[in-house]
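Below: the structure, in structure tokens.
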Amino acid sequence: MARMWMAAAAVVLGLAGCAIGAAPGGGALSGSFEVATPYRQAYQAARQQAERCLVGEGGYQVVGGLDDGARTGLVRVVPRLVDGEMARVEVSALDAGRSRVRVSMWGRSLWNDEAMRAMHDAVVFGVPSCGTYMPGGAKDQDWFQPAR
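In the numbering used here, the protein residues as written are 1032 to 1179.
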């Protein structure tokens, strides 16, 4: 009986690893933009957005933090049970009031192009939301593209 449970657990973990992948790839999305927001504030907005919209039903967690010496911040969405990364937001200070934000997502499920736009708007406007409601031209929507 114990062997059957161990075999079943191994199969489930193996399939979870195949479904999740080790890192963004294939259909992954990435891009960067500048924002008129201090890096700490941009980091906090990205973290709130990730915690609210990118963790699914609890199988994922948000990790990362600030490096005040380097004036950078990192937000990562990772699975709880296997290695991998579903989303990453890197924030770096350009000066006291401006930051560069680089967003990378897996490109599927919760981590798709709509999530990329929502992360952008959350950082720019400081309001987390799982969808984007701000009007914008094509230029505003083209800040990211599939990763190569």
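We put the beta carbon where it would ideally sit given N, CA and C, even for glycine.
Note that this is a predicted model, so its numbers are computed, not measured.
8 Å contact criterion, which residue i and residue j should meet: CB distance rounded
| i | j | result |
| --- | --- | --- |
| Ala1118 | Ser1140 | The pair is not a contact, with the Cβ atoms about 11 Å apart (cut-off 8 Å). |
CA nearest to the CA of residue i, picked from the options
| i | options | result |
| --- | --- | --- |
| Ser995 | Gly1157, Glu1145, Gly1100 | Nothing about residue 995 can be read from this structure; the chain reaches only from 1032 to 1179. |
| Leu1112 | Gly1162, Ala1067, Tyr1091 | Tyr1091 |
| Trp1142 | Ala1081, Gly1096, Ala1153 | Ala1081 |
| Gly1157 | Gly1087, Leu1085, Pro1069 | Pro1069 |
| Tyr1074 | Glu1088, Gly1096, Asp1152, Arg1083 | Gly1096 |
| Val1106 | Val1155, Ser1160, Gly1089, Met1150 | Met1150 |
| Gly1128 | Ser1061, Gln1072, Phe1064, Gly1062 | Gln1072 |
| Arg1102 | Met1147, Glu1121, Glu1088 | Glu1121 |
Under 7 Å between C-beta atoms of residue i and residue j
| i | j | result |
| --- | --- | --- |
| Val1132 | Val1109 | no |
| Gly1138 | Ala1077 | no |
| Ser1130 | Val1086 | no |
Residue i burial status per 10 Å Cβ neighbour count (16 or more: buried)
| i | result |
| --- | --- |
| Leu1176 | A small fix is needed here, since residue 1176 is Gln in this sequence, not Leu. Exposed, because fewer than 16 other Cβ atoms sit within 10 Å of the Cβ of Gln1176. |
| Asp1126 | exposed |
| Asp1114 | exposed |
| Thr1163 | buried |
| Pro1055 | Caution applies to Pro1055, whose pLDDT of 42 falls short of 50 and renders its modelled position unreliable; the model cannot decide the point. |
| Gly1104 | buried |
Proximity test, residue i beta-carbon vs the ligand MN heavy atom, cut-off 6 Å
| i | result |
| --- | --- |
| Val1154 | Summarising the ligand content, the structure contains no ligands, and the ligand MN is consequently not present. |
(request) Note down, one range per segment and in chain order, each beta strand (DSSP E) of at least 3 residues found wholly within the region 1129 to 1161. (result) 1130 to 1136
(message) Threshold first: 4 residues or longer. Then list the alpha helix (DSSP H) segments lying entirely within the region 1052 to 1097, N to C.
(response) 1070 to 1084
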